[in-house]
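Notes follow once the structure below has been shown.
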Amino acid sequence: MNATTKSKIFVIGLVTFAVLVGYTGFMAVRNIEGVHKQEITRVIGEHGGVVKLIEVVEADTSPFKEAGKGNNVYKITYTKNGGTKTAWYCAINHSSIKQEPEAWQIDE
323 MNATTKSKIF VIGLVTFAVL VGYTGFMAVR NIEGVHKQEI TRVIGEHGGV VKLIEVVEAD
383 TSPFKEAGKG NNVYKITYTK NGGTKTAWYC AINHSSIKQE PEAWQIDE
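Numbering (the working numbering), first residue to last: 323 to 430.
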């Protein structure tokens, strides 16, 4: 096998590896967001509300200013007793060693 063929095989292998790692990361993020949304729906339901909108927001625009890369912060719009309310959820996403603990702020 000549050097050109070896180089092509190496590049193809490297690209394939990068695509697989990227896909795995994408699926992990997608899965964790699904788990968080299920948890949000469950907790809001326990408080007598119905979730209308779940948004991922930056920590500095939320009550959880200290949240880091190891957290996902969600703004939840929900209805309860005919009124629209807002809740905040700081979830752990396990992507970083530095993270704040899970926390909620719910309008009652």
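Cβ coordinates follow ideal geometry from the N, Cα and C atoms, glycine included.
Here the structure is a predicted model, which is why all the values come from computation and not from measurement.
| Check | Outcome |
| --- | --- |
| Return the CA-CA distance between residue 426 and residue 407, expressed in angstroms with no decimal places. | 14 Å |
| Kindly list the residues whose CB is nearer than 6 Å to the CB of residue 354, restricted to its own chain and excluding five residues on each side of it in sequence; keep chain order. | 415 |
| For residue 500, name the three-state secondary structure that DSSP assigns. | Here the chain covers residues 323 to 430 and nothing more, so residue 500 does not appear. |
| Is residue 409 buried or exposed, if buried means 16 or more other CB atoms sit within 10 Å of its CB? | buried |
| For residue 401, which residues of its own chain have a beta-carbon under 8 Å away from its beta-carbon, when the five flanking residues on both sides are left out? | 371, 372, 374 and 407 |
| Measure the Cβ-Cβ separation of residue 413 and residue 358 and say whether it is below 7 Å. | yes |
| Can you grab the Cα-Cα spacing for the pair residue 343 / residue 330, in whole Å? | 20 Å |
| Which same chain residues, not among the five before or five after residue 422, have their C-beta less than 7 Å away from its C-beta? | 386, 388, 389, 390, 393 and 412 |
| Please name the residue, chosen from 335, 399, 367 and 340, that lies closest to residue 376 on a Cα-to-Cα basis. | 399 |
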